Amino acid sequence: MKRIICLLILTCLLVLPLAGCAQDTPDTSSVDAYLATFTAGSFGIQNPSDPIVEFTFEGYGTVRVELYPSVAPISVNNFLRYVGDKFYDGTIMHRVIAGFMIQGGGYYLDGNTIMTKSTYAAITGEFSSNGVTNDVLHTAGVLSMARANNPNSATSHWFICSATASHLDGDYAAFGKVIDQESMAVVLAISQVETIYVNASFANFPYPPVTVTSVKRLK
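Following this line, the structure appears as structure tokens:
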């Protein structure tokens with residue numbers, strides 16, 4: 002069931018129709034600029050049998066991620082369940098912090114209103130402070146489950162690190178990583194978008210919004 006999260010985003014959002022945002026096309030040149038900074042060998046597939054998923058971000062391109070079921074099977078199966086439902090298609094990135102991470106996984110826009118999607122039950126947090134072994138560190142490109150203060154509160158929300166975030170190690174369930182330079186360039190480009198303060202829950206909201214066109218499993 003749909004639930005209204007925020008009736009008023011900001012006065013500027015109410016004045017500027019979201020249709021007008023489409024005219025503010027992303028600076029795709031930034032993707033190329035980041036791509037030119039990478040060195041060979043920084044990425045790759047760890048296990049050929051692991052699932053691969055592809056995020057498509059409107060105006061930016063695609064991000065391909067290898068999931069790690071041998072490390073975080075609950076998180077991987079949970080994520081793939083949402084992917085199979087096409088749950089993420091049409092959602093928005095609701096939190097972006099430069100030099101840290103980009104986050105999405107459960108909100109969409111209805112006009113100027115941020116709406117949330119109903120989720121499945123929360124899952125067990127697969128990280129060491131919750132009694133679960135997980136040796137994946139939060140380095141650039143790592144995909145991890147977002148959660149509230151309760152260690153077992155993660156549902157559909159995820160984030161991708163745009164830089165090393167070692168303070169998250171052992172406290173958040175990392176369960177995958179970007180596999181190629183082109184994908185990481187897209188992550189970095191999104192991490193640099195302008196953000197606005199909506200309220201305490203949406204303190205780093207990308208504007209114009211960044212839409213997740215789709216998330217699909219490639220293998």
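With the working numbering applied, the sequence shown corresponds to residues 2 to 220, in that order.
C-beta atoms are modelled at their ideal positions from N, C-alpha and C, and glycine is treated no differently.
Given the structure is predicted, the values throughout are model-derived calculations rather than measurements.
**Item:** Endpoints, the beta strand (DSSP E) within which residue 218 is located
**Value:** 212 to 218
**Message:** At the level of alpha carbons, what is the spacing between residue 138 and residue 34?
**Reply:** 26 Å
**Asked** If you check the beta carbons only, do residue 252 and residue 212 fall under 9 Å apart?
**Response** No statement about residue 252 is possible, as the shown extent of the chain runs from 2 to 220 and does not include it.
**Item:** Proximity winner among 97, 60, 51, relative to residue 81 (alpha-carbon distances)
**Value:** 51
**Message:** Tell me the rounded alpha-carbon separation between residue 69 and residue 177.
**Reply:** 5 Å
**Request:** Kindly confirm or deny that the stretch 122 to 135 and the stretch 61 to 68 touch, where touching means at least three C-beta pairs closer than 8 Å.
**Result:** no
**Prompt:** Below 9 Å between beta carbons: does that hold for residue 200 and residue 97?
**Reply:** no
**Request:** Starting from the C-beta of residue 142, find all residues in its chain whose C-beta is less than 6 Å away, skip the five residues before and the five after it, and write them out in chain order.
**Result:** 178, 179, 185
**Item:** Residue ranges of each alpha helix (DSSP H) within the stretch 70 to 132, 4 or longer
**Value:** 74 to 85
**Message:** Beta-carbon within less than 6 Å of residue 242's beta-carbon, same chain only, minus the 5 sequence neighbours each way: which residues are those?
**Reply:** Residue numbering for the chain in the displayed model covers 2 to 220; residue 242 lies beyond these limits and cannot be assessed.
**Asked** CB-CB under 8 Å to residue 76, same chain, minus the five flanking residues each way: which ones, in chain order?
**Response** 124, 127, 146, 155, 174, 176
**Prompt:** Can at least three beta-carbon pairs, one atom from the stretch 82 to 89 and one from the stretch 163 to 172, be found at a separation below 8 Å?
**Reply:** no
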